[in-house]
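A short write-up of the structure that comes next.
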Amino acid sequence: MFTGIVEEVGEVLAVEHTGEDARLRLRGEVVTQGVRLGDSIAVSGVCLTVTSLGDDATFTADVMPETLRRSTLGTLAPGSRVNLERAVRADGRLDGHLVQGHVDGVGALVSRTPGPRWDDLVLRLPAGLARYVAEKGSIAVSGVSLTVTHVGEDTFGVSLIPTTLAATTLGDLTPGDPVNLEVDVVAKYVERLLGARPTADDEGGRA
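Using the numbering used here, you'd call the opening residue of the sequence shown number 2 and step up by one each time.
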């Protein structure tokens, strides 16, 4: 589990395609501190498992075909900048929102409007995701926890403060650039529960 509070912007050093999957080698000075083999690191919002660690603040992670299809990781190349976050500790502070690192789809930046000390962004959503996005709700954009400012039929807006602009890859986005999107998991569970009908076992189990 993650919080969507990016710890640093890392760099992709190598991409090795092994058939339909891939292996990434990345550098992250902060996220490699205290990390062990098998731990999870979110790479631009995608939860990946650390498969090896180097002495030079590097780590490798395998990316399955499903992940390559459903996220922007398939477009990464050496030199690409990525948002990095270690999995949150159970006794840590939850400063963003509950982020699983399971990308729901790839969106794209439609426009950005600079403000006095912030940027207003409008992003396009894949079909079927808009129903999970609510004004003043939370969404993870390439691993960054953001508050939704408005929602359209297939778009939504967010505002980026100076810290977010400087400390994540979102400050580099230009119209048309793709982003990983993860909607609030609570919204998906609520939909699932409201759409479920009680079975005979459910009825019989009630006190």
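Where a beta carbon is used, it is the ideal one built from N, C-alpha and C, also for glycine.
First and last residue of the uninterrupted beta strand (DSSP E) at residue i
i, result
"V191", "Unbroken run through V191 is the alpha helix (DSSP H), 186–196; no beta strand (DSSP E)."
"L161", "156–161"
Proximal residues to residue i (C-beta, below 7 Å), its chain only, five neighbours per side dropped
i, result
"G177", "A109, L110"
"G205", "Note that G205 scores a pLDDT of 41, beneath 50, so its modelled location is shaky and nothing firm can be said."
"E67", "none"
"K137", "T148, V149"
"P79", "V13, L14, A15, V16"
Close beta carbons around residue i, own chain, < 6 Å, minus the five adjacent residues each side
i, result
"L194", "none"
"R207", "Only weak support is given to the placement of R207: the predicted model assigns it a pLDDT of 41, under 50, and the value that follows is read from those uncertain coordinates. The answer is none, since no qualifying residue turns up."
"D40", "V51"
Cβ-Cβ separation, residue j to residue i (assumed contact under 8 Å), whole Å
i, j, result
"E12", "E30", "Between E30 and E12 the Cβ distance is about 10 Å, and since that is not below 8 Å, they are no contact."
"L182", "V104", "7 Å"
Neighbourhood of residue i by C-beta, 8 Å cutoff - its chain only, sequence neighbours within 5 removed
i, result
"S139", "G5, G97, H98, S146, L147, T148, V149, D185"
- request: Say whether the region 81–99 touches the region 167–181, bearing in mind that this needs 3 or more beta-carbon pairs closer than 8 Å, one atom from each stretch.
  value: yes
field: beta strand (DSSP E) segments (min. 3 residues) lying fully within the region 72–147
entry: 82–87, 106–115, 120–125, 139–142
task: Return the chain-ordered ranges of every alpha helix (DSSP H) run that is complete within the region 11–76 and spans a minimum of 4 residues.
output: 66–71
- prompt: Is there contact between the region 133–148 and the region 48–56, where contact requires at least three CB pairs shorter than 8 Å?
  reply: no
query: If we count Cβ pairs, one from each stretch, closer than 8 Å, do we get three or more for the region 91–111 versus the region 9–19?
result: no
query: Does the region 28–35 come close enough to the region 112–119 to have 3 or more Cβ pairs within less than 8 Å?
result: no
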